[in-house]
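Trainee:
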Amino acid sequence: MAVELPDLPYRKDALAPVISANTLEFHYGKHHRTYVDNLNKLVVGTDLEGAALEAIIQTTAGDAAKAGIFNNAAQAWNHSFYWRCLKPGGGGIPAGTVGAKIRDSWGSYEKFVEELKTAGATQFGSGWAWLVLEDGQLKITKTANADLPLAHRQKALLTIDVWEHAYYLDYQNRRPDYLAAVIERLINWDYVNSLLA
Ligand code: MN
99 MAVELPDLPY RKDALAPVIS ANTLEFHYGK HHRTYVDNLN KLVVGTDLEG
149 AALEAIIQTT AGDAAKAGIF NNAAQAWNHS FYWRCLKPGG GGIPAGTVGA
199 KIRDSWGSYE KFVEELKTAG ATQFGSGWAW LVLEDGQLKI TKTANADLPL
249 AHRQKALLTI DVWEHAYYLD YQNRRPDYLA AVIERLINWD YVNSLLA
């Protein structure tokens, strides 16, 4: 069975004005779809055909000969995860387990936000900012291009896409403004908490 493009968990206009319907038309409808389609073409007739997405990622991570498969598989996973990390009316100070763990790890929500924004703003070129769980500890990280926590023995808890295609139609070169708006208004903390349960 081929890897499928999952439905968006909301309508394409649901994240506006932070992320416009126009951005989601291209970002989900073109970019994400293309990663899934390319992955399925690349694995046809190989021993990875029919494998689960996470298995494809773990099998190909670090293998230069399989970089094309890894990049498309990781981007397929990253985007499905990113959509679930957002919701209309989200963002702000989280409650629940993640709220408590953020206070334990950073002292305050404000310090956490500052570090998350810095990670996203300082990722040179294309990539992702992440909140991950590593050896039981919360950490903020950033990765380049398609790279992801699963390839580094970390559990992903939250991501923000900082490829230009994620924000350029709405924010042009103002990546920090996109990061601030997503963090303040879109993060689906209920989903993050469900990953810690
Ligand atoms: Mn993207």
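Quick note on my numbering: the sequence shown kicks off at 99 and runs consecutively. We treat Cβ as the ideally placed atom computed from N, Cα and C, and that holds for glycine. If you're wondering where the values come from, they're calculated on a predicted model, not measured in any experiment.
Tell me the rounded alpha-carbon separation between Asp73 and Glu123.
Mentor: Past the boundaries of the shown model lies residue 73; the chain is included only from 99 to 295, so the question cannot be answered.
Trainee: Considering only DSSP beta bridges, list what Ala264 is partnered with.
Mentor: DSSP, once it has assigned bridges, lists no residue as partnering Ala264.
Trainee: Between which residues of its own chain and Asp245 is the CB-CB distance below 8 Å, once the five residues before and five after are set aside?
Mentor: Only Ala172, Gly225 and Trp226 meet the Cβ criterion.
Trainee: Run the proximity test for Trp228: is its beta-carbon closer than 6 Å to any non-hydrogen atom belonging to the ligand MN?
Mentor: No, the beta carbon of Trp228 sits no closer than 6 Å to any heavy atom of the ligand MN.
Trainee: Using the beta-carbon of each residue, find all residues closer than 6 Å to any heavy atom of the ligand MN and list them in chain order.
Mentor: Taken from the N-terminal end onward, the list reads His125, His129, His177, Asp259, Trp261, His263 and Ala264.
Trainee: Please tell me whether Ile258 and Val280 are closer than 7 Å, where the distance is taken between their beta carbons.
Mentor: Going by C-beta atoms, Ile258 is nearer than 7 Å to Val280.
Trainee: Return the first residue and the last residue of the alpha helix (DSSP H) that Asp288 is part of.
Mentor: Start and end: Trp287 to Leu294.
Trainee: Let me confirm a value: Ser178 is counted as buried when at least 16 other C-beta atoms fall within 10 Å, else exposed. Which label applies?
Mentor: Buried: at least 16 other Cβ atoms inside 10 Å.
Trainee: Give, in chain order, every unbroken run of the alpha helix (DSSP H) that is at least 4 residues long and sits entirely within the stretch 107-165.
Mentor: You should have 119-124, 131-141 and 151-158.
Trainee: So, with DSSP's three-state summary, where would you put Lys199?
Mentor: Three-state DSSP puts Lys199 in a helix.
Trainee: Is the CB-CB distance between Asn80 and Gly187 below 7 Å?
Mentor: The requested residue 80 does not occur in the structure, where the chain is confined to residues 99 to 295.
Trainee: Assign Ala119 to buried or exposed, taking buried as 16 or more other Cβ atoms, counted over all protein chains shown, within 10 Å of its Cβ.
Mentor: So Ala119 ends up on the exposed side.
Trainee: Taking the C-alpha atoms as reference points, what is the distance between His130 and Asn138?
Mentor: Answer to the nearest angstrom: the Cα atoms are 13 Å apart.
Trainee: Determine the direct distance from the alpha carbon of Ala278 to that of Gln156, and round the result to whole angstroms.
Mentor: If you take the alpha carbons of Gln156 and Ala278, they lie about 32 Å apart.
Trainee: How would you label Phe222, buried or exposed, when you count the other beta carbons within 10 angstroms and need 16 or more for buried?
Mentor: So Phe222 counts as exposed.
Trainee: Hey, quick one: how far does the beta strand (DSSP E) through Val211 stretch, first residue to last?
Mentor: Val211 -> not in any beta strand (DSSP E); alpha helix (DSSP H) instead, spanning Tyr207 to Thr220.
Trainee: Could you give the distance in angstroms between the alpha-carbon of Glu282 and the alpha-carbon of Val141?
Mentor: Each residue's alpha carbon lies about 39 Å from the other.
Trainee: Would you kindly work out how many angstroms separate the C-alpha atoms of Asn170 and Asn271, rounded to a whole number?
Mentor: C-alpha separation (whole angstroms): 25 Å.
Trainee: Quick one: Cα of Gly234 to Cα of Leu294, how far?
Mentor: Computed Cα separation, rounded: 10 Å.
Trainee: Which residues mark the beginning and the end of the alpha helix (DSSP H) in which Leu284 is found?
Mentor: No alpha helix (DSSP H) holds Leu284; DSSP gives it neither H nor E.
Trainee: Between Pro192 and the rest of its own chain, which residues show a CB-CB distance below 8 Å, the 5 nearest in sequence each way excluded?
Mentor: Closer than 8 Å at Cβ, skipping near neighbours: Ile200, Tyr207, Ile285, Trp287, Val290 and Asn291.
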